[in-house]
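In the numbering used here, the protein residues as written are 8 to 176.
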């Protein structure tokens, strides 16, 4: 197995100048853009909730909460809370349902039959003993080089099983 060097890995991976050493102006610029983006996301919520939570303080900034805005905001809050819990319950129910079906399917299906498995193991052991020596020799040897004649074809095992009536499905 070939060892991979840092340079080879670095050439494969995606690099980001933001996380590399130096590049201070880039880091400052991207941080400011990110903060501005988050402010654009958060400010409308502050603008909407500030007059509702602190009406006396909001008057100093000429922010007033009208009845229609309050109704709309409470409706949106209720709507999003309802949607959140609907998604939460739906995802929980679907996950349980999927796990239950998977558990039933896994417990009922068998991937192999014991008799065929034993026959396959015996066939493989015979072939391995014939080509590569006894099991004890194979397990005790630290290094073993296989000659080209003894290499197995890609379909050898499937063909062996098919010839002996224990083919893979």
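Backbone N, C-alpha and C fix where the C-beta goes; we use that ideal spot for every residue, glycine too. Fair warning: this is a prediction, and the values are worked out from it, not measured in the lab.
- The three-state reading of DSSP puts residue 106 in helix, counting H, G and I together.
- For residue 147, the enclosing alpha helix (DSSP H) covers residues 142-147.
- DSSP places residue 168 in the helix class (H, G or I) of the three-state scheme.
- Residue 167 places its beta carbon 8 angstroms or farther from that of residue 124.
- Below 8 angstroms, too few C-beta pairs join the stretch 146-155 and the stretch 98-116 to call them touching: fewer than three.
- The alpha carbon of residue 172 has as its nearest neighbour, out of 122, 137, 10, 156, the alpha carbon of 122.
- Around the beta carbon of residue 58, 16 or more other beta carbons sit within 10 angstroms, so the residue counts as buried.
- Secondary structure at residue 150: coil, using DSSP grouped into helix, strand and coil.
- The DSSP-derived three-state label of residue 25 is helix.
- Taking each of 107, 79, 134 in turn and checking the Cα distance to residue 157, the smallest one comes out for 134.
- Annotation for residue 165: 174, 175 place their beta carbon closer than 8 angstroms to its own, counting only its chain and skipping 5 residues before and after.
- Here residue 10 carries a coil assignment [DSSP, helix/strand/coil].
- For residue 52, the enclosing alpha helix (DSSP H) covers residues 31-60.
- The three-state reading of DSSP puts residue 73 in coil, since its state is none of H, G, I, E or B.
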